[in-house]
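Working notes, beginning with the structure itself.
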Amino acid sequence: MLWFKFLKAKIPQIGVFLLMLAIYIVNFWLWRLPMMAFFNSSLFALIIFVIYLISSYFRWKGVQQAICSVVQDNQTLQKKLDQQNLAERELEDIIRVWSHQMKIPLSAIDLMTQTEVDPKELKNQVFSLENYLKMLLEYQRINNLATDFRFDKVSMADIMRELIKKYSTFFIQKELSLNIEGEWVVTSDQRWLTLAIEQLLNNAVKYTNSGGIFIQIEPGKLEIRDTGIGILKEDIPRLFEHGFTGFNGRIQQKSTGLGLYLSKLILDKLEFQITIHSDIGQGTTVTITKE
Numbered sequence: 001m002l003w004f005k006f007l008k009a010k011i012p013q014i015g016v017f018l019l020m021l022a023i024y025i026v027n028f029w030l031w032r033l034p035m036m037a038f039f040n041s042s043l044f045a046l047i048i049f050v051i052y053l054i055s056s057y058f059r060w061k062g063v064q065q066a067i068c069s070v071v072q073d074n075q076t077l078q079k080k081l082d083q084q085n086l087a088e089r090e091l092e093d094i095i096r097v098w099s100h101q102m103k104i105p106l107s108a109i110d111l112m113t114q115t116e117v118d119p120k121e122l123k124n125q126v127f128s129l130e131n132y133l134k135m136l137l138e139y140q141r142i143n144n145l146a147t148d149f150r151f152d153k154v155s156m157a158d159i160m161r162e163l164i165k166k167y168s169t170f171f172i173q174k175e176l177s178l179n180i181e182g183e184w185v186v187t188s189d190q191r192w193l194t195l196a197i198e199q200l201l202n203n204a205v206k207y208t209n210s211g212g213i214f215i216q217i218e219p220g221k222l223e224i225r226d227t228g229i230g231i232l233k234e235d236i237p238r239l240f241e242h243g244f245t246g247f248n249g250r251i252q253q254k255s256t257g258l259g260l261y262l263s264k265l266i267l268d269k270l271e272f273q274i275t276i277h278s279d280i281g282q283g284t285t286v287t288i289t290k291e
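Mapping of the sequence shown onto the UniProt record's numbering: position 108 corresponds to residue 108, and the numbering continues sequentially without gaps.
Structure (structure tokens):
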């Protein structure tokens with residue numbers, strides 16, 4: 001293939017050689033010179049031309065390899081630049097959404113300082129502020145880390161119990177029932193896995209006003225099922241896009257669009273799979289699996 005490309009590039013030089021050879025033949029014919037001299041001189045010229053082509057080929061091959069290397073390096077750099085630009089745009093969008101969402105608990109706290117402070121509500125708003133700030137900081141870390149994972153045996157049941165304890169105030173305030181069953185010991189990074197699952201539990205608690213949350217754990221699968229407001233079918237494919245809140249998230253004015261995006265980002269890096277099934281008015285089921 002390279003020889004074919006080289007010969008194609010050398011068509012002008014080959015044409016000149018053939019033209020000179022034709023002129024050579026005409027001269028020999030016109031002057032009635034011995035044909036043996038013609039053949040000897042032509043063979044000598046052909047050998048010289050072949051040597052020229054071979055040496056030119058190796059020079060041309062080196063240049064082509066250098067060009068290919070430069071093109072590949074340029075494509076790699078362009079790909080990295082595109083990824084960097086995309087990451088910067090995503091971060092800008094996330095900060096914009098995050099800063100807008102932070103105004104809600106801040107406004108609530110400001111209103112309470114001007115009227116009557118409700119300790120429970122104040123605690124909830126502070127909890128929301130801490131959660132939003134944590135999401136932003138962890139998002140920046142997960143995008144910049146290379147080998148920040150520390151893998152060990154992790155109990156899914158222990159993770160869920162700790163998170164339920166953290167969100168116990170919300171379970172009590174909303175009078176939500178809770179059921180947790182089973183166990184799954186998996187090799188993973190407990191800190192990051194806990195953060196990913198927390199966002200899922202946070203959504204379940206946030207969008208469930210009555211009924212309860214049911215957590216089923218078995219080897220290879222964790223299922224979080226709630227009786228909340230549910231998700232529109234057309235919104236489900238886009239739930240893991242950054243900044244996407246969905247119809248119910250916008251109506252409730254509770255969603256930043258960061259929680260599920262962050263969870264998916266972490267679970268992908270930890271090589272877990274996540275799926276969501278939901279029905280409006282009946283609830284949502286989130287399933288985490290690992291092969």
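Ideal placement from N, C-alpha and C gives every residue a C-beta, glycine not left out.
Looking at the DSSP output, GLU181 shares a beta bridge with GLN216. Approximately 7 angstroms separates the beta-carbon atoms of LEU163 and ILE197; this is inside 8 angstroms, confirming the contact. Bounds of the beta strand (DSSP E) holding THR284 are 283-289.
In this structure, the alpha-carbon of GLY62 lies about 60 angstroms from that of ASN202. Here the C-alpha atom of ASP158 lies approximately 12 angstroms from the C-alpha atom of LYS166.
Burial is judged here by how many other beta carbons sit within 10 angstroms of a residue's own beta carbon; ALA204 has at least 16 and is buried.
Linking GLN190 to THR115 through their CA atoms gives a straight-line distance of about 42 angstroms. Note on geometry: alpha-carbon atoms of PHE127 and THR169 lie some 10 angstroms from one another. Comparing alpha carbon positions, the residue from GLN125, ILE236, ASP118, THR113 closest to LYS103 is GLN125. The way I'd put it, the segment 215-228 does touch the segment 284-291; three or more beta-carbon pairs between them come closer than 8 angstroms. Each of TRP192, LYS123, GLN83 was checked against the Cα of ASP152, and the nearest Cα belongs to TRP192. With contacts defined as CB atoms closer than 8 angstroms, GLN216 and LEU260 fail to qualify as a contacting pair. The continuous beta strand (DSSP E) containing ILE224 extends over residues 221-226.
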